[in-house]
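In what follows, a single structure is set out as structure tokens and then discussed.
In my numbering, the protein residues as written are 1356 to 1631.
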């Protein structure tokens, strides 16, 4: 990859009002969007960051100091050119989702919003889908419908930028009993299981799903027995069923229903244990 390719990846498109428009860049594991503004020092900082990343990624393994010095010389020349042609710029609006690059329905999605040269007290925001509210120095976006949400930013009652987000539902949680998702478990440990837990796996977002119901089933003396619980707690009848299991028997937690933030029940994957 050459330096031109590197720029193409960082600078997605040009428009009539902007020499360098940077709609989406990954910065310190946060998705940051520059949604308005002409060429300015903030744009330059990201361009400089791109060049530095290119220089040191290209040479980090071969330790070729000469190539690095050439790259630094290129950077200094670029900085000189920017200084020579720099002119005062319009305001730049930056929106950073502090959790991830989409917003989720029915939950508070943290976001940082800033406008160059404008104090936070003079910034106003509106959202087309759901509500947005201030929380300390950040904002919380809570959309109510799937699809998209358009965020509009105002500085001193003047519109300075818009950004569109995708709105999704949180992924299904994963069930566990006693910390296990399935597998072979000792009978004595099974007898100590007291509740079914559900939590998001592989997601930075934190949300506590409510367990509505689940069933525990096993085959005892050739007969299948299935018992239902109407919350996350394992009932006394289910515990007795577990105590009657023998080595090699299978125990299934199925028909697991949970309530998500969107307000409708979800069915999630069952658990199957084998008595050891």
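Note that CB positions come from ideal geometry on N, CA and C, so glycine has one too.
In this model, residue 1475 and residue 1469 are separated by some 7 angstroms (Cα to Cα). The stretch 1558 to 1571 makes contact with the stretch 1607 to 1626; the number of CB pairs closer than 8 angstroms reaches 3 or more.
Assignment of residue 1544 by DSSP, reduced to helix, strand and coil, places it in the helix class. The C-alpha of residue 1521 lies about 6 angstroms from the C-alpha of residue 1504. Straight-line spacing of the CA atoms in residue 1621 and residue 1524 works out to 11 angstroms. Judged by their CB atoms, residue 1550 and residue 1597 are not nearer to each other than the 9 angstroms cut-off. Counting along the chain, residue 1629 sits inside no alpha helix (DSSP H); it lies in the beta strand (DSSP E) bounded by residues 1626 to 1630. The count of Cβ pairs closer than 8 angstroms, one atom from the stretch 1448 to 1468 and one from the stretch 1479 to 1498, reaches three, so the stretches are in contact. Of 1501, 1618 and 1609, the smallest CA-CA separation from residue 1627 is found for 1609. About 6 angstroms separates the beta carbon of residue 1548 from that of residue 1589, a gap short enough to meet the 8 angstroms contact definition. In the three-state DSSP reduction, residue 1500 falls in the coil class, being neither helix nor strand. Taken atom to atom, the span from the alpha-carbon of residue 1449 to that of residue 1502 is near 22 angstroms. 1461 is the residue among 1557, 1461 and 1595 whose C-alpha sits nearest the C-alpha of residue 1496. In the DSSP annotation of this structure, the continuous segment of the alpha helix (DSSP H) that includes residue 1591 starts and ends at 1591 to 1598.
The Cβ-Cβ distance between residue 1494 and residue 1480 falls below 9 angstroms.
Nearest neighbour of residue 1509 by Cα position, chosen from 1539, 1477 and 1452, turns out to be 1477.
Ranked by how close their Cα comes to the Cα of residue 1533, the residues 1552, 1601, 1624 and 1619 have 1552 in first place. If you draw a straight line from the Cα of residue 1630 to the Cα of residue 1554, it is about 24 angstroms long. Residue pairing of residue 1459 in beta bridges, as defined by DSSP: 1523. Rounded to the nearest angstrom, the Cβ distance from residue 1594 to residue 1530 is 18 angstroms, too far for a contact under 8 angstroms. Distance between residue 1586 and residue 1570, taken at the CA atoms: about 10 angstroms.
Its chain contains 1484 as the residues whose beta carbon lies nearer than 6 angstroms to that of residue 1500, once the 5 sequence neighbours on both sides are disregarded; these appear in chain order. At least 9 angstroms separates the beta-carbon of residue 1559 from that of residue 1624.
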